[in-house]
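Asker: In this note's numbering, the protein residues as written are 506 to 648. First, the structure itself, so that you have it in front of you.
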């Protein structure tokens with residue numbers, strides 16, 4: 506019986522660690538106005554409010570007259586305009602390493618991406634027609 510409880514406990518710890526790795530907190534919503542929705546990779550949607558955490562693989566969607574500004578842990582900012590959809594595909598940051606980076610995908614709308622403390626060459630923005638390697642510090646897009 507004791508071995509069964511130990512095995513079940515180990516499975517629960519492993520499952521929690523695996524879920525945590527898949528949905529790493531990468532920043533927070535610094536500002537949100539009107540209807541902004543955050544959809545996790547598993548399809549769970551919820552309204553996004555100022556101060557809410559944002560996660561890797563999360564999709565942020567804005568409605569009419571709605572905007573959001575996200576602040577990542579490396580001080581990167583992502584401002585998302587109205588009627589936009591942006592997915593936070595990949596984000597790796599360790600202040601002690603230089604191999605981090607971020608990749609976001611924009612399906613529609615407008616956004617402004619201002620790179621943070623990581624090497625600007627480690628950022629990418631993907632759109633339906635192109636992938637942009639960031640070489641400066643600011644990228645403005647309208648799709």
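We put the beta carbon where it would ideally sit given N, CA and C, even for glycine.
Beta-carbon within less than 6 Å of residue 598's beta-carbon, same chain only, minus the 5 sequence neighbours each way: which residues are those?
Answerer: Residue 598 sits at position 93 when you count from the first residue of the chain shown. Result list for residue 598: 578, 579 and 605, in chain order.
Asker: For residue 591, report the span of its beta strand (DSSP E) as first-last.
Answerer: As a working note, residue 591 is residue 86 in the chain shown. Where residue 591 is concerned, the enclosing beta strand (DSSP E) stretches over 590-597.
Asker: Taking the beta carbon of residue 555 as the centre, do at least 16 other beta carbons fall within 10 Å, making it buried, or is it exposed?
Answerer: Residue mapping note: residue 555 aligns to position 50 of the chain shown, counting from 1. With fewer than 16 other Cβ atoms within 10 Å, it is exposed.
Asker: Please return the same chain residues whose Cβ sits closer than 7 Å to the Cβ of residue 571, not counting the five positions on each side in sequence.
Answerer: Taking the chain shown and counting its residues from 1, one reaches residue 571 at position 66. Cβ within range, chain order: 538, 539, 540, 541 and 587.
Asker: Return the residue from the list 612, 613 and 627 that minimises the CA-CA distance to residue 619.
Answerer: By 1-based counting over the chain shown, the position of residue 619 is 114. Of 612, 613 and 627, the residue nearest in Cα terms is 627.
Asker: Less than 6 Å between C-beta atoms, sequence neighbours within five positions excluded: which residues of the same chain meet that for residue 520?
Answerer: The residue labelled residue 520 in the question sits at position 15 within the chain shown. Summary for residue 520: the model assigns pLDDT 42, below 50, so the residue's position carries little reliability, and this model does not support an answer.
Asker: Where residue 567 and residue 589 are concerned, what is the direct C-alpha to C-alpha distance, given to the nearest angstrom?
Answerer: As a first step, residue 567 is located in the chain shown; it is residue number 62 there, counting from the start. As a first step, residue 589 is located in the chain shown; it is residue number 84 there, counting from the start. Spanning the two alpha carbons is a distance of roughly 5 Å.
Asker: How many angstroms separate the CA atom of residue 615 from the CA atom of residue 648?
Answerer: Locating residue 615 in the chain shown gives position 110, counting from the first residue. Locating residue 648 in the chain shown gives position 143, counting from the first residue. Roughly 6 Å between the two C-alpha positions.
Asker: Buried or exposed, going by whether 16 or more other CB atoms sit within 10 Å of the CB of residue 526?
Answerer: Along the chain shown, one-based indexing puts residue 526 at 21. Its pLDDT being 44, under 50, residue 526 is placed unreliably by the model, and the measurement read from it follows with that caveat. Under this definition residue 526 is an exposed residue.
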